[in-house]
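Reading through the structure tokens given below for one structure.
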């Protein structure tokens with residue numbers, strides 16, 4: 001039997017007393033004193049038995065489980081059902097008592113039972129509705145105090161109601177909604193939970209001015225999801241809100257996201273196409289209970305993969321990072337989140353083969369995410385040898401260590417610059433892809449019948465917003481400094497995605513790779529939508545800051561840097577592409593080199609590095625990646 005809490009016992013007592021009050025009030029209202037005196041002996045026998053029966057009915061309809069401060073239509077419906085069952089039971093009882101062998105007459109009568117039915121609903125629901133109203137009134141009083149910010153909610157009323165309910169319940173504090181601006185014509189002139197719809201999204205200045213003239217100084221704007229769609233022109237809203245000096249917040253998407261919370265509105269929210277839909281259950285099923293290694297775990301991509309692994313239920317996490325401050329930062333952040341995963345952090349450079357092999361072998365991972373890399377194009381054009389050591393030889397070390405430790409999968413984070421590369425970054429990443437692909441094929445060939453060999457895959461994507469070295473933080477800093485904003489070339493375009501979206505799709509690719517024993521696709525490319533022109537991006541960020549390009553902030557062109565190209569591409573012409581049925585991801589089977597051939601190139605690279613022979617290294621890169629046309633300076 002379900003054990004009731006003290007609060008639930010009190011609710012049951014209230015409802016039983018309400019049933020008794022409904023019976024007594026009905027008889028008092030329906031009959032005069034003489035008739036009441038005649039019915040009193042029967043009532044003394046009937047009432048205790050009826051109250052026991054009523055308690056059972058209330059328990060069946062779970063009236064004791066509803067929290068009164070959140071009383072809603074479903075709770076009222078349960079009250080109607082319970083009251084109806086009791087009223088129908090009285091009708092049945094009346095017809096039994098009508099029998100000459102029992103009572104010989106109606107004890108209640110139909111009119112009396114209808115009156116009882118109404119009173120029973122009133123007594124059961126009245127207390128609940130009164131309690132909710134009193135709590136609501138207290139909440140309204142609290143949000144109108146001095147520290148509650150008068151706020152306009154921008155978006156459709158269906159979105160706004162979710163936030164208003166959260167404010168009423170106390171889940172969102174220090175917000176006093178004074179009006180709604182809705183893009184929907186049908187919402188005009190309506191009120192939602194006593195909050196009026198004051199106009200369209202374009203009426204922000206007018207409404208703020210009208211409220212100010214009535215001594216209500218709006219200080220904050222909250223944008224609901226329906227105000228963030230392209231049709232709502234959110235850039236214009238942000239510009240006007242900032243010119244009015246209003247603080248900006250947003251509600252998260254309501255389609256399966258977390259509970260209502262307010263987040264700061266950032267430029268990145270308005271740069272992208274709609275995010276790819278992620279099957280989070282699939283990711284949790286894949287990661288839950290696993291041992292995970294993340295190399296470069298202190299970087300922008302690596303740290304997010306660490307957080308996602310912990311969020312999806314990894315049992316153990318090993319973070320490898322050669323930067324002590326970055327390693328400390330991610331470890332402390334993960335520990336503060338109080339996840340259930342055991343966190344292990346080690347300072348290690350993936351170029352140290354012996355240490356990398358030993359740490360991964362001791363940890364015995366199920367999955368390895370290889371995010372450690374050198375990635376800044378101009379720097380690697382200058383310090384080419386460091387790029388080869390980290391991006392090629394370091395990746396080989398991680399792949400060999402993962403295979404030797406018996407991991408089920410390794411995922412290497414690659415780049416769209418690896419296709420038909422013109423830079424050392426692209427060529428080194430492409431060569432690392434080739435080694436992982438060749439080792440993947442070799443492990444499949446050597447696997448025993450029925451065995452599931454380790455999978456090695458590479459995942460390519462372009463610029464990640466807000467990552468270290470991304471152009472967006474750079475533009476923001478230049479705007480804050482008063483300009484100019486520097487763009488390399490007016491025709492430069494790039495693909496963009498958010499850090500979280502990239503990392504979720506990386507893990508999604510891993511789940512597909514392990515179930516793809518037949519096709520053995522080894523390269524996965526994240527769908528980043530249409531490429532964005534960098535100069536358009538710069539102009540948009542300037543406008544979102546409430547400024548005008550060319551007037552308030554100048555844009556200057558600095559010229560294409562070494563190793564850069566105007567347009568990034570995602571697939572080589574020779575690569576066989578395939579839709580894999582996973583939104584946001586396309587797979588490819590690149591032109592393969594044998595493991596022996598790749599290892600021969602690697603041996604030549606190591607020898608040339610030892611002699612500091614740049615021309616020899618470039619020759620190897622051109623042999624391995626014929627599209628690479630880099631020249632040793």
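In this note's numbering, the protein residues as written are 1 to 633. Virtual Cβ for every residue (Gly too), placed ideally from N, Cα, C.
Sheet register partners of residue 316 (DSSP bridge): Its beta-bridge partners are 291 and 342.
Terminal residues of the beta strand (DSSP E) in which residue 498 lies: 496 to 498
From what residue to what residue does the beta strand (DSSP E) around residue 199 run? 195 to 199
Which residue or residues does DSSP assign as beta-bridge partners of residue 461? Residue 461 is bridged to 415.
Excluding the 5 residues flanking residue 547 on each side, which residues of the same chain have their C-beta closer than 6 Å to its C-beta? 553
Could you give the residue range of the beta strand (DSSP E) that holds residue 525? 523 to 526
Going by DSSP in three states, residue 181 sits in which element: helix, strand or coil? Here residue 181 sits in strand by DSSP.
Going by DSSP in three states, residue 370 sits in which element: helix, strand or coil? strand
Give a yes or no on whether the C-beta atoms belonging to residue 193 and residue 235 are separated by under 8 Å. no
Burial state of residue 29, where buried means 16 or more other Cβ atoms lie within 10 Å: exposed
Rounded to the nearest angstrom, what separates residue 346 and residue 327 at their Cα positions? Straight-line Cα distance between these residues: approximately 8 Å.
Does DSSP put residue 488 in a helix, a strand or coil? coil
Which parts of the region 38 to 116 are runs of the alpha helix (DSSP H), unbroken and 4 residues or longer, counting only runs that do not cross its ends? Within the region 38 to 116, the complete alpha helix (DSSP H) runs of at least 4 residues fall at 73 to 97.
Under 8 Å, with one C-beta from each stretch per pair, do the region 377 to 388 and the region 434 to 450 reach the 3-pair mark? no
Taking Cβ to Cβ, would you say residue 207 is nearer than 8 Å to residue 246? no
Hey, residue 587 and residue 506: beta-carbon distance below 8 Å or not? no
Identify every residue that forms a DSSP beta bridge with residue 223. 154 and 250
Between residue 82 and the ligand FAD, is the CB less than 7 Å from at least one heavy atom? Absence of the ligand FAD is noted for the structure shown, with no ligands found whatsoever.
Residue range of the beta strand (DSSP E) that includes residue 422: Per DSSP, residue 422 belongs to no beta strand (DSSP E) and is neither H nor E.
Inspect the beta-carbon positions of residue 368 and residue 407 and report whether they are closer than 8 Å. Their beta carbons are under 8 Å apart, which means residue 368 touches residue 407 by this criterion.
First and last residue of the beta strand (DSSP E) that includes residue 310? No beta strand (DSSP E) contains residue 310, which is instead part of the alpha helix (DSSP H) from 300 to 311.
DSSP beta-bridge partners of residue 176: 150
Rounded straight-line distance, which links the Cα of residue 457 to that of residue 424: Straight across, the Cα-Cα distance linking residue 424 with residue 457 is about 21 Å.
Euclidean distance between Cα positions of residue 447 and residue 453: One Cα belongs to residue 447, the other to residue 453, and the distance between them is close to 6 Å.
Starting from residue 556, follow the beta strand (DSSP E) in both directions and report where the run begins and ends. 555 to 557
Just to confirm, is the Cβ distance from residue 566 to residue 492 under 8 Å? yes
Quick check: the Cα distance between residue 336 and residue 310, rounded to an integer number of angstroms? 12 Å
According to DSSP, what are the bridge partners of residue 579? 586
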